[in-house]
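For the record, in the sequence shown the residue sitting at position 98 is 155 according to the working numbering, with numbers rising by one throughout. Down below is the structure, laid out as structure tokens.
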Amino acid sequence: MRTTLLKTSIFADKSNYCFRSFESELHNVLIVKIVQEIMKHIDSVTNAIMYFGSDESAKQMLKKIIELVEEQYNYLDVKNQPQLFKKGIMNAKNYARYPHADKQECIRHMYELVEMFEKQFK
């Protein structure tokens, strides 16, 4: 039986920098972490709203999620469909301004924002 040793390194140098593309890997990890954090916030907000919240508290939470998603969106530089994302943000903002917003609809808008956020980087 013959084994072959491969010259591999976890460090970037001139020979493997383009091959590894560390910056894009780091960028992908950041996107995954950001989406996981936003989903964690939305899940906890959803539980709180469904058990204890009113329609007004759901509107306030939707506004906060919109701010969070917009902040993270502006932080990352690669965007595939910015018009679609901006349209989704505007729809969610308009719904948050509606005087008789339903809490289930607010929750739906929160999850749609995260889906649109993910589509920007796929």
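Just so it is clear, CB atoms sit at the ideal spot from N, CA and C, and this is done for glycine as well.
Review point. Roughly how many angstroms separate the alpha carbons of glutamate 162 and proline 139, rounded to a whole number?
Key: So the two alpha carbons sit approximately 23 angstroms from each other.
Exercise for review: Kindly indicate if chain B contains any beta-carbon less than 8 angstroms away from that of arginine 165.
Suggested key: Of the protein chains in the structure, only one exists, and it is not chain B.
Point to revise | glutamate 128 versus serine 114 - alpha carbon distance | key: Straight across, the Cα-Cα distance linking glutamate 128 with serine 114 is about 21 angstroms.
Point to revise | Through-space distance from glutamine 93 to glutamate 82, alpha-carbon basis | key: Looking at the two C-alpha atoms, the distance is approximately 17 angstroms.
**Study point:** Same chain, Cβ closer than 8 angstroms to valine 171, five either side skipped, listed in chain order
**Key:** The beta carbon of valine 171 sits closer than 8 angstroms to those of Val92, Ile95, Met96, Ile99, Val126, all from its chain and outside the five residues before and after it, given in chain order.
**Study point:** Rounded separation between aspartate 159 and asparagine 131 - CA only
**Key:** Whole-angstrom Cα-Cα distance: 28 angstroms.
Practice item. Using only alpha-carbon positions, find the residue among Phe178, Met167, His157, Met147 that is nearest to serine 101. Key: Nearest to serine 101 by C-alpha distance, out of Phe178, Met167, His157, Met147, is Met167.
**Study point:** Status (buried if at least 16 other CB within 10 Å, exposed otherwise) for alanine 105
**Key:** The residue is exposed, with fewer than 16 neighbouring Cβ atoms inside 10 Å.
**Study point:** DSSP state of methionine 58 mapped onto helix, strand, coil
**Key:** With a pLDDT of 45 at methionine 58, under the threshold of 50, the modelled position of that residue is not reliable, and no figure is offered here.
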